[in-house]
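*Asks:* Chains as they are written, first to last, in the working numbering: chain X, 6 to 327; chain V, 10 to 336.
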Amino acid sequence: MKPIVEVNNLSVEYTRGDQKVRAVAGVDLHVGAGEILGLVGESGCGKSTLGKAIVGILQGAEGEVNFDGQKVSKIGRGQRVAHFRNLQMIFQDPYGSLNPRRKIGDQIADGPRIDGVSKSEALEKAASLLERVGLPRNAVERYPHQFSGGQRQRIAIARALAISPKVIIADEPISALDTSSQAAVANLLVNLVEEFQMGLIFISHDLSIVRRISDRVAVMYLGKIVETGKTEEIWNSPSHPYTKALMSAIPHADGKAFIPLDLPGDVPNPAYPPSGCRFHPRCPLAQAECGSREPMHVSLSDGRKVSCILQEAGNAPKALTF
Amino acid sequence: MTLLSVRNLTVTLMTGSGPADAVRNLSFDIERGQILGIAGESGSGKTMTALSIMGLLPYKGKASGSINFDGEELVGFKPKDFRRVRGKDVAMIFQDPMTSLHPMLTIETQLTEHLRHHRKVSKGEARVRALELLDTVKIPDPETALKAHPSQFSGGMRQRIAIAMALACQPKLLIADEPTTALDVTVQAGILKLLDELRKSQNLSVIVITHDLGVLSALTDRLMIMYAGAEVESGPTSQVLTRPRHPYTQGLIDALPDSGANGKRLIAIEGMPPELGKFPTGCAFHTRCSFARSECKSGTPNKVDIDGIRRIFCTVDPFDTPAGVNR
Numbered sequence: 006m007k008p009i010v011e012v013n014n015l016s017v018e019y020t021r022g023d024q025k026v027r028a029v030a031g032v033d034l035h036v037g038a039g040e041i042l043g044l045v046g047e048s049g050c051g052k053s054t055l056g057k058a059i060v061g062i063l064q065g066a067e068g069e070v071n072f073d074g075q076k077v078s079k080i081g082r083g084q085r086v087a088h089f090r091n092l093q094m095i096f097q098d099p100y101g102s103l104n105p106r107r108k109i110g111d112q113i114a115d116g117p118r119i120d121g122v123s124k125s126e127a128l129e130k131a132a133s134l135l136e137r138v139g140l141p142r143n144a145v146e147r148y149p150h151q152f153s154g155g156q157r158q159r160i161a162i163a164r165a166l167a168i169s170p171k172v173i174i175a176d177e178p179i180s181a182l183d184t185s186s187q188a189a190v191a192n193l194l195v196n197l198v199e200e201f202q203m204g205l206i207f208i209s210h211d212l213s214i215v216r217r218i219s220d221r222v223a224v225m226y227l228g229k230i231v232e233t234g235k236t237e238e239i240w241n242s243p244s245h246p247y248t249k250a251l252m253s254a255i256p257h258a259d260g261k262a263f264i265p266l267d268l269p270g271d272v273p274n275p276a277y278p279p280s281g282c283r284f285h286p287r288c289p290l291a292q293a294e295c296g297s298r299e300p301m302h303v304s305l306s307d308g309r310k311v312s313c314i315l316q317e318a319g320n321a322p323k324a325l326t327f
Numbered sequence: 010m011t012l013l014s015v016r017n018l019t020v021t022l023m024t025g026s027g028p029a030d031a032v033r034n035l036s037f038d039i040e041r042g043q044i045l046g047i048a049g050e051s052g053s054g055k056t057m058t059a060l061s062i063m064g065l066l067p068y069k070g071k072a073s074g075s076i077n078f079d080g081e082e083l084v085g086f087k088p089k090d091f092r093r094v095r096g097k098d099v100a101m102i103f104q105d106p107m108t109s110l111h112p113m114l115t116i117e118t119q120l121t122e123h124l125r126h127h128r129k130v131s132k133g134e135a136r137v138r139a140l141e142l143l144d145t146v147k148i149p150d151p152e153t154a155l156k157a158h159p160s161q162f163s164g165g166m167r168q169r170i171a172i173a174m175a176l177a178c179q180p181k182l183l184i185a186d187e188p189t190t191a192l193d194v195t196v197q198a199g200i201l202k203l204l205d206e207l208r209k210s211q212n213l214s215v216i217v218i219t220h221d222l223g224v225l226s227a228l229t230d231r232l233m234i235m236y237a238g239a240e241v242e243s244g245p246t247s248q249v250l251t252r253p254r255h256p257y258t259q260g261l262i263d264a265l266p267d268s269g270a271n272g273k274r275l276i277a278i279e280g281m282p283p284e285l286g287k288f289p290t291g292c293a294f295h296t297r298c299s300f301a302r303s304e305c306k307s308g309t310p311n312k313v314d315i316d317g318i319r320r321i322f323c324t325v326d327p328f329d330t331p332a333g334v335n336r
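(1) Which class does aspartate 193 of chain V belong to by DSSP, given the choice of helix, strand or coil?
(2) What does DSSP give as the partner residue(s) for lysine 25 of chain X in the beta ladder?
(3) Under a CB-based cut-off of 8 Å, is arginine 159 of chain X close to chain V?
(4) Taking its Cβ as the centre, do 16 or more other Cβ atoms sit within 10 Å of valine 137 of chain V, making it buried, or is it exposed?
(5) Excluding the 5 residues flanking proline 28 of chain V on each side, which residues of the same chain have their C-beta closer than 6 Å to its C-beta?
(6) Give me, in chain order, the residues of the same chain whose beta-carbon lies closer than 6 Å to that of threonine 219 of chain V; leave out the 5 immediate sequence neighbours on both sides.
(7) Specify, as a first and last residue, the run of the beta strand (DSSP E) that lysine 310 of chain X falls within.
(8) Check whether the segment 160-169 of chain X and the segment 131-149 of chain X touch, using three or more Cβ-Cβ pairs below 8 Å as the test.
(9) Below 6 Å CB to CB, which residues in the same chain sit around lysine 338 of chain X once its five sequence neighbours on both sides are set aside?
(10) Say whether the segment 18-25 of chain X touches the segment 197-205 of chain X, bearing in mind that this needs 3 or more beta-carbon pairs closer than 8 Å, one atom from each stretch.
(11) Does the beta-carbon of alanine 185 of chain V have 16 or more other beta-carbons within 10 angstroms, so that it is buried, or is it exposed?
(12) Can you give me the start and stop residues for the alpha helix (DSSP H) that glycine 56 of chain X sits inside?
(13) Kindly indicate which residue of V/Val325, V/Val194, V/Val224 has the alpha-carbon position closest to the one of aspartate 205 of chain V.
(14) Cα separation between isoleucine 102 of chain V and glutamate 67 of chain X?
(15) Taking a Cβ distance cut-off of 8 Å, strictly less, list which residues of the segment 262-279 of chain X are near chain V, in chain order.
(16) Is leucine 142 of chain V close to chain C, meaning its C-beta is less than 8 Å from at least one C-beta of that chain?
(17) Could you please give the first and the last residue of the uninterrupted beta strand (DSSP E) stretch that includes glycine 46 of chain V?
(18) Entirely within the segment 188-253 of chain V and at least 3 residues each: give me those beta strand (DSSP E) ranges in chain order.
(19) Any beta carbon from chain X within less than 8 Å of glycine 199 of chain V's own beta carbon?
(20) Can you look up phenylalanine 263 of chain X in the DSSP assignment and give me helix, strand or coil?
(21) Compare the Cα-Cα distances from glycine 31 of chain X to each of X/Lys52, X/Leu42, X/Ile95, X/Ile173 and report the closest residue.
(22) Which residues in chain V sit within 7 Å of threonine 184 of chain X, going by Cβ to Cβ distance?
(23) Just list the residues that DSSP pairs glutamate 284 of chain V with in beta bridges.
(24) Does the beta-carbon of lysine 209 of chain V have 16 or more other beta-carbons within 10 angstroms, so that it is buried, or is it exposed?
(25) What's the C-alpha gap between serine 133 of chain X and valine 303 of chain X?
(26) Please report whether the beta-carbon of proline 282 of chain V lies at a distance below 8 Å from any beta-carbon of chain X.
(27) For chain X, find out if any of its Cβ atoms is closer than 8 Å to the Cβ of aspartate 193 of chain V; answer yes or no.
(28) Let me check one thing: in DSSP terms, what residues is leucine 13 of chain V bridge-paired to?
(29) By the 8 Å beta-carbon criterion, what residues does the segment 243-260 of chain V contribute toward chain X?
(30) Apart from the five residues just before and just after aspartate 79 of chain V, which ones in its own chain have a Cβ nearer than 7 Å to its Cβ?
(31) Pull up the distance between the alpha-carbon of histidine 257 of chain X and that of proline 327 of chain V, whole angstroms please.
(32) Mind checking if lysine 129 of chain V is an interface residue toward chain X, Cβ cutoff 8 Å exclusive?
(33) Do you know whose CA, among X/Ala254, X/Arg217, X/Gly37, X/Ile95, lies nearest asparagine 271 of chain V's CA?
(34) Within 10 Å of its beta-carbon, does threonine 290 of chain V have 16 or more other beta-carbons around it, so buried, or fewer, so exposed?
(35) Can you tell me whether DSSP reads arginine 319 of chain V as helix, strand or coil?
(36) Let me make sure I understand the geometry here. Which of V/Val241, V/Ala191, V/Val84 has the alpha-carbon closest to that of glutamate 47 of chain X?
Structure below.
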């Protein structure tokens, strides 16, 4: 499958005082049409920064993002090149991402209007999109506060769909929602990806949902992708200790009173990343070497890529136990 | 021994369109050293239940029925009476430790304030106790931590400090409202481990309120599922989660990403939870229930006792079949 979004060696820096903080440090990613890529990791590991850099809200310091054959540049004050309107983002908080003082219909119609569609046509489109995401057509005449969190997230999705995007970056789109809306909104995204053959980068800290809906998974830790591959393979035999730690921490609703494994410590400050492998201070399997040199990025026999000294021999992934 | 006994609790809140019952006719017990989980979606009344035990209901909120806590009747308590109990015998931790801790005060001030108020200990004694508490909740370097402010800690560490504060006066009951919802799974696992240890070492009774069935499975002995302010099902956690009897419980479990084999699709419950003041008549769940019959639309749902330790409120009881029990 030819990727629509291709991220090559992308780094993103923030300036904090006179210090440069590298929140994303050399990331390679790609997503194709009709594909869902799950991007997981703890908070503070750079997932959202990466998402924003991919759509161009943030400027990369190094590397590049290619969308459908063209290099993505930062969104400025002026109009965006029409080509990149097909690259859309949905945010976690549907309360913050909609304008409380504008009618839903007008907000959804903005995209098509910029494309030169007449107002009545754009509103008509907004109404049918609202219907598509499971809301009544007359919602165009209403305001965000008249809807619940799950409904607002549907509105945000309808707005992203308004200009027929080829790729959507969804940053924690269901984390703020109730259990029953979570399932419904996740299903909606899966259906839309199939119906419109879009690419979807699904950013989430919830591995169990990512496992369910993603075709591939990329695991991120402190600005770097530590493991990436097909979802089932990663789930069945995680080859990076961080992936395994994330999975072992999930509590299961099986009634077995099992306390999941915790991962002591926090994601370090990206201004002062640890030497060698960035995960080594928290890694239950760390070896002396891990603190002194960066692990190589190796491909395993099942097509997975991983950065861990334990897997450097390559071939079949080595089973991890802790 | 029963520590808390709630009978026919109804909480009435004042809304823009008049009074509305946020909690309806709720009854449950908690034994000493037991962890009770209350699950439900937002607006199901789980937090209002907790706040009525704490005496912290919103303005014009009113509790009726009975809340018997360790021999005392809390319904009808005056603010002054609540001040005597709150923070000493009953303590609460909240979802967001950034807003429940004061950003401008040192950890020492916040950890010792209610200790000095309730226990009348000296500043020095309170400090020793504060160090002990920080050690109990596994904050590294307690001496330095005492001098620090909340912003200097990560979310997980702040929640540990909030737990330390709650434990300061050795409460009999700890209420944890979404204690791990704002945390990463890796950090959440640490907090779950800590709460489990505390229950064992201090014989603490805990109410855990969350919509996360995984968290409740890990931690709780008993589980109560709430919908639209009322109980729909309760019983031992393992039984409720493995053999749910109420259609709503079944729906919540089916909606989990781990369950069901439907490819990428999850099994969602149709519709949305009702808003306060707009709860449907009869069984409030009937509008979303695939088993609903006409008799569900009025009256109160049938209470079904199962083996004396479980109960559901459902007139249809669709899973009461030999096959249904072990689906």
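All C-beta atoms, glycine included, are put in the ideal place defined by N, C-alpha and C.
*Replies:* Short version:
(1) To locate residue 193 of chain V, count along the second sequence from 1; it is residue 184. Here aspartate 193 of chain V sits in coil by DSSP.
(2) In the first sequence, counting from the first residue as 1, residue 25 of chain X sits at position 20. Paired residue(s): X/Thr20.
(3) Locating residue 159 of chain X in the first sequence gives position 154, counting from the first residue. Not one chain V Cβ lies under 8 Å of arginine 159 of chain X.
(4) Position 128 of the second sequence, counting from 1, holds the residue named residue 137 of chain V. The residue in question, valine 137 of chain V, is exposed, as its Cβ has fewer than 16 Cβ neighbours within 10 Å.
(5) If you number the second sequence from 1, residue 28 of chain V lands on position 19. Correct list, in chain order: Thr21.
(6) Indexing the second sequence from 1 puts residue 219 of chain V at position 210. So the list reads Glu187, once near-sequence residues are dropped.
(7) The residue labelled residue 310 of chain X in the question sits at position 305 within the first sequence. That run of the beta strand (DSSP E) goes 310-312.
(8) yes
(9) Residue 338 of chain X is absent from the model: chain X starts at 6 and stops at 327.
(10) no
(11) As a first step, residue 185 of chain V must be located in the second sequence, where it is residue number 176. Per the 10 Å Cβ criterion, buried.
(12) Locating residue 56 of chain X in the first sequence gives position 51, counting from the first residue. Residues 52-60.
(13) Numbered from its first residue, the second sequence carries residue 205 of chain V at position 196. The shortest Cα separation from aspartate 205 of chain V among V/Val325, V/Val194, V/Val224 belongs to V/Val224.
(14) Position 93 of the second sequence, counting from 1, holds the residue named residue 102 of chain V. Position 62 of the first sequence, counting from 1, holds the residue named residue 67 of chain X. If you take the alpha carbons of isoleucine 102 of chain V and glutamate 67 of chain X, they lie about 44 Å apart.
(15) Ala262, Phe263, Ile264, Pro265, Leu266, Asp267, Leu268, Pro269, Asp271
(16) Included in the structure are the protein chains X and V, with no chain C among them.
(17) By 1-based counting over the second sequence, the position of residue 46 of chain V is 37. Its beta strand (DSSP E) spans residues 44-48.
(18) 214-218, 231-236, 239-245
(19) Counting from one through the second sequence, the residue named residue 199 of chain V turns up at place 190. So, interface residue.
(20) The residue you call residue 263 of chain X lines up with position 258 of the first sequence. Reduced to three states, the DSSP call for phenylalanine 263 of chain X is coil.
(21) As a first step, residue 31 of chain X is located in the first sequence; it is residue number 26 there, counting from the start. Comparing Cα positions, the closest option is X/Lys52.
(22) As a working note, residue 184 of chain X is residue 179 in the first sequence. Chain V residues near threonine 184 of chain X: Glu50, His220, Leu261, Ala264.
(23) Position 275 of the second sequence holds residue 284 of chain V. Bridge partners of glutamate 284 of chain V: none, in fact.
(24) By one-based count along the second sequence, residue 209 of chain V stands at place 200. Flag for lysine 209 of chain V reads exposed.
(25) The sequence position of residue 133 of chain X within the first sequence is 128, counting from 1. The sequence position of residue 303 of chain X within the first sequence is 298, counting from 1. The alpha-carbon atoms of serine 133 of chain X and valine 303 of chain X are separated by roughly 47 Å.
(26) Working through the second sequence from its first residue, we reach residue 282 of chain V at position 273. Answer yes: the Cβ-Cβ gap between proline 282 of chain V and chain X drops below 8 Å somewhere.
(27) Locating residue 193 of chain V in the second sequence gives position 184, counting from the first residue. Cβ-Cβ to chain X under 8 Å: yes for aspartate 193 of chain V.
(28) Position 4 of the second sequence, counted from the first residue, corresponds to residue 13 of chain V. DSSP, once it has assigned bridges, lists V/Ile39, V/Phe78 as partnering leucine 13 of chain V.
(29) Thr246, Ser247, Gln248, Val249, Leu250, Thr251, Gly260
(30) Within the second sequence, the letter at position 70 stands for residue 79 of chain V. Counting only Cβ-Cβ distances below 7 Å, and skipping sequence neighbours, we find Leu12, Asp98, Lys181.
(31) Mapped onto the first sequence, residue 257 of chain X falls at position 252. Mapped onto the second sequence, residue 327 of chain V falls at position 318. Each residue's Cα considered, the two are about 25 Å apart.
(32) Locating residue 129 of chain V in the second sequence gives position 120, counting from the first residue. Chain X, which has no Cβ nearer than 8 Å to the Cβ of lysine 129 of chain V, makes this no.
(33) Working through the second sequence from its first residue, we reach residue 271 of chain V at position 262. Per the Cα distances, X/Arg217.
(34) Here residue 290 of chain V corresponds to residue number 281 of the second sequence, with the count starting at 1. Threonine 290 of chain V is exposed by the Cβ-count criterion.
(35) The sequence position of residue 319 of chain V within the second sequence is 310, counting from 1. Note: arginine 319 of chain V maps to strand in three-state DSSP.
(36) For the purposes of this step, residue 47 of chain X is taken as the residue at position 42 of the first sequence. Residue V/Ala191 is the option with its Cα nearest to glutamate 47 of chain X.
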